[in-house]
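Q: Take the sequence shown: its letter number 74 is residue 74 in UniProt numbering, and every next letter is one higher. Every residue gets a Cβ at the ideal spot worked out from N, C-alpha and C, and that includes glycine. Just dropping this structure here.
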Amino acid sequence: MTLRSSPVLRDTGVPTFSTQFSLIARGRGCTPKLALRVYNGVATARVLYGLPLASLRKGQWAELDADHRTAVRTFYGLPSSTQIGPTLAEAGETPISLRAVKQAFHHLLRMKGTTHGQHLVERLYSLQRSGIGKRAIELLSVVPDAPFRNWTAIPPHRHIPLEVRKTLPGVKAKARTPVSAMQQECAALLHDKLKGRTLVYVDGSVLSDGSAAAACVAPSLGEVRKCRLPCPASSTVAELAAINIAAELLGEHISVTSAAILSDSRSALAAISREDLGGHLAQRVARQLHALRNDGCDITLHWVPSHVGIPGNEAADRAAKAAHDPGTVITDFVSSADVGRLLVARHVREQHPDARDSPVPICASCSGSESAAIAPPSVYIASQGMAVPTVLTAETRRLFSTSYYTVRLLTQVGLIC
1 MTLRSSPVLR DTGVPTFSTQ FSLIARGRGC TPKLALRVYN GVATARVLYG
51 LPLASLRKGQ WAELDADHRT AVRTFYGLPS STQIGPTLAE AGETPISLRA
101 VKQAFHHLLR MKGTTHGQHL VERLYSLQRS GIGKRAIELL SVVPDAPFRN
151 WTAIPPHRHI PLEVRKTLPG VKAKARTPVS AMQQECAALL HDKLKGRTLV
201 YVDGSVLSDG SAAAACVAPS LGEVRKCRLP CPASSTVAEL AAINIAAELL
251 GEHISVTSAA ILSDSRSALA AISREDLGGH LAQRVARQLH ALRNDGCDIT
301 LHWVPSHVGI PGNEAADRAA KAAHDPGTVI TDFVSSADVG RLLVARHVRE
351 QHPDARDSPV PICASCSGSE SAAIAPPSVY IASQGMAVPT VLTAETRRLF
401 STSYYTVRLL TQVGLIC
C-alpha cells in the first residue's frame with residue numbers, strides 16, 4: 001500500500017485539524033494540550049493504523065510530518081519559524097514517521113514472540129522491497145536475538161503457584177511509612193516468619209547509559225554472585241536476572257531445603273507471580289524456581305523496602321553496583337529479545353530531531369532566559385499585538401464551553417450521531 005492509493009488517510013487531518021482549532025475557542029475552550037491529544041486520537045491514530053507497514057517514500061513521510069508539525073504550532077500559537085526538534089520535544093510529541101517505525105517494530109516483536117509468528121517473520125526477510133520486509137530487516141539491527149520459547153508447558157493439574165509476597169505487613173506505602181517502622185516490620189519478617197530458611201538477597205543496578213548488572217548475596221552460605229547483562233536493560237529486567245542467579249545458587253547447594261529470596265523490586269515479583277501470563281524473561285525465571293522447588297527446596301519470594309538499613313539488602317546493593325566492573329562475567333540468561341521494547345524506544349529516541357537529553361515541557365513556568373527554544377503561546381500572542389486569552393472565573397461557563405466544543409468535534413468526526 002502507498003500513500004497515493006489511500007489518500008483518505010492524510011485528508012483525515014484537514015477537517016479534524018480545523019475542528020480541533022475551534023476546540024480551543026481563543027482561550028475559552030479546552031487547553032492546547034487537550035486539543036492536541038484529541039487530534040492525535042482522531043487524525044494521527046488513523047494514519048498510524050494504516051501506514052506503519054506500508055512502503056512510502058521519504059517525501060511522503062515528510063508530508064505527514066509537516067502536517068503534524070502544523071497542528072502542534074497552531075494549537076500552541078507558535079510561528080512557523082520555530083525549530084522543529086525543540087518544538088516537538090517541548091510539546092511532548094514525536095514525528096509521525098518515527099511513531100510509525102516504533103509501531104511497526106512493536107508489531108513485529110509481538111509476531112516474534114510466538115512460535116508460528118517467528119516463522120512468518122523469517123519469511124518477511126526475503127521481501128526486501130515491501131514495507132514490512134524493510135521494517136523486519138531494520139529490526140534485526142536493533143533487536144538481533146529471537147525470543148526463547150523452547151520449553152514444555154506444565155500440566156494444569158500439577159501446577160502449584162509460587163509463593164510470592166509483594167507487600168510487607170504494616171507498610172502500605174514506603175514514602176509514607178517511617179524508616180523505623182519499616183525496620184521493625186522487616187525484622188519481624190526475617191526473624192519470625194522466615195526463621196530457619198536460607199535467606200538470599202538480590203538486587204539489580206542500572207547506570208545512566210543503560211548498562212545493567214545483577215547480584216545476589218547469601219550471608220549464611222557465604223556466597224556472593226554477580227553478573228553483567230549483555231545489553232541495556234531496565235531495573236526490572238536486572239532484578240529478574242538477579243533472582244535467576246539466586247535460583248542457580250540455591251540449586252548448587254543440595255543441602256538447602258528451605259530458602260527465601262528477598263527483593264526490593266515489586267515489579268519483578270509481580271512479573272514472576274503472573275508466571276505463564278508474564279513476559280518471556282519472567283516466565284523463564286518462574287520455570288527456574290519451579291524446577292528448584294521440584295528438586296526439594298521449599299522456595300518463597302518476599303518484597304523488602306530498599307535503603308532502610310537491612311544489612312543483606314545493602315550488601316546486595318553494593319554487590320550489584322560493583323558488578324559493573326568490566327571483569328564481571330556476562331550472563332547469557334538475558335538477551336536483546338527480552339528488552340526489545342526498551343531497545344526500540346532507545347532507537348526511536350536517538351533519531352528524534354531534538355538532540356537535548358531532557359527538554360523543558362512547553363508552557364513550563366520559567367522565565368524567558370530559562371525557556372529552551374520556543375516561547376509559551378501567551379508570549380507569542382502578546383508579541384503580535386493580540387489580546388492574551390484570560391482564564392474564566394465562572395466554573396459553569398468553563399465547563400459549558402469545553403463540553404460544547406468537545407461535543408461539536410465528536411459530532412463532526414462521526415463519533416456522536
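Drop a sphere of 10 angstroms on the beta-carbon of ASP317, count the other beta-carbons inside from all chains shown, and report buried for 16 or more, exposed for fewer.
A: With 16 or more Cβ atoms within 10 Å of its Cβ, ASP317 is classed as buried.
Q: Return helix, strand or coil for HIS352, following the three-state DSSP convention.
A: HIS352 falls in the coil class under three-state DSSP.
Q: In the DSSP assignment, find the unbroken alpha helix (DSSP H) run with GLY204 in it and report its ends.
A: Run containing GLY204: none in the alpha helix (DSSP H); it sits in the beta strand (DSSP E), 198 to 206.
Q: For GLY196, tell me which candidate among ILE310, PRO353, ILE299, TRP61 has the shortest Cα-Cα distance.
A: Nearest option by C-alpha distance: ILE299.
Q: In this structure, does DSSP put ARG110 in helix, strand or coil?
A: In the structure shown, ARG110 sits in a helix (DSSP, three-state: H, G or I).
Q: Could you check what DSSP says for SER267 in three-state terms: helix, strand or coil?
A: Note: SER267 maps to helix in three-state DSSP.
Q: Within the segment 55 to 136, note down every full alpha helix (DSSP H) run reaching 4 residues or more, in order along the chain.
A: If we require 4 residues or more, the alpha helix (DSSP H) runs fully inside the segment 55 to 136 come out as 58 to 75, 84 to 90, 96 to 112, 115 to 124.
Q: Taking one C-beta from the segment 206 to 216 and one from the segment 170 to 188 each time, how about it: are there three or more such pairs within less than 8 Å?
A: Cβ pair count under 8 Å is below three, so no.
Q: Return the chain-ordered list of same chain residues with a C-beta closer than 7 Å to the C-beta of VAL72, the five sequence neighbours on each side being excluded.
A: These residues qualify, in order along the chain: LEU36, THR87, LEU88, ALA91, GLU93.
Q: So, for ALA282: in the same chain, excluding its five sequence neighbours on each side, which residues have a beta-carbon less than 7 Å away from its beta-carbon?
A: Result list for ALA282: LEU240, ALA271, ILE272, ARG274, in chain order.
Q: Under the three-state reduction of DSSP, which class applies to THR189: helix, strand or coil?
A: Checking the sequence shown, residue 189 turns out to be Leu, not Thr. The answer is helix: DSSP assigns LEU189 an H, G or I state.
Q: Taking all protein chains shown into account, do 16 or more other C-beta atoms lie within 10 angstroms of the C-beta of THR70, making it buried, or fewer, making it exposed?
A: Exposed: under 16 other Cβ atoms inside 10 Å.
Q: Just to check, is the beta-carbon of GLY296 closer than 7 Å to a non-hydrogen atom of the ligand GTP?
A: The ligand GTP is not among the ligands present in this structure, which contains no ligands whatsoever.
Q: When the Cα of GLY251 is compared with those of CYS227, ALA268, GLU223, PRO232, which residue comes out closest?
A: Ranking CYS227, ALA268, GLU223, PRO232 by Cα distance to GLY251 puts GLU223 first.
Q: If you draw a straight line from the alpha carbon of VAL237 to that of PRO95, how long is it in whole angstroms?
A: Rounded to whole angstroms, VAL237 to PRO95 spans 29 Å at the Cα level.
Q: Please state whether DSSP places SER234 in a helix, a strand or coil.
A: Three-state result, SER234: coil.
Q: With a threshold of 6 Å on Cβ separation, who are the neighbours of ILE84 within its own chain once the five nearest residues in sequence on each side are excluded?
A: The answer, listed in chain order, is PRO353.
Q: For the candidate residues CYS227, LEU221, LEU190, LEU199, whose alpha-carbon lies nearest to that of SER205?
A: The shortest C-alpha separation from SER205 is found at CYS227.
Q: Can you tell me whether ALA146 is helix, strand or coil according to DSSP?
A: DSSP places ALA146 in coil when its eight states are reduced to three.
Q: May I ask which residues mark the beginning and end of the beta strand (DSSP E) holding GLU163?
A: Start and end: 163 to 165.
Q: Assuming the contact rule is C-beta atoms closer than 8 Å, ASP203 and SER336 should be a hit. Round their C-beta distance to whole Å, please.
A: Incorrect: roughly 23 Å between the Cβ atoms, too far for contact.
Q: Where does ILE272 sit, in a helix, a strand or coil, going by DSSP?
A: ILE272: helix per DSSP, three-state reduction.
Q: Short check: CB of LEU342 to CB of SER265, under 8 Å?
A: No, the pair does not count as a contact, with Cβ atoms beyond the cut-off.
Q: Do ILE112 and GLN103 have their CB atoms nearer than 8 Å?
A: A small correction: the amino acid at residue 112 is Lys; Ile does not occupy that position in the sequence shown. Contact: no.
Q: Cβ atoms of ASN313 and LEU262: under 8 Å apart, would you say?
A: Contact: yes.
Q: Quick one: Cα of TRP303 to Cα of ARG57, how far?
A: Distance between the alpha carbons of TRP303 and ARG57 is about 51 Å.
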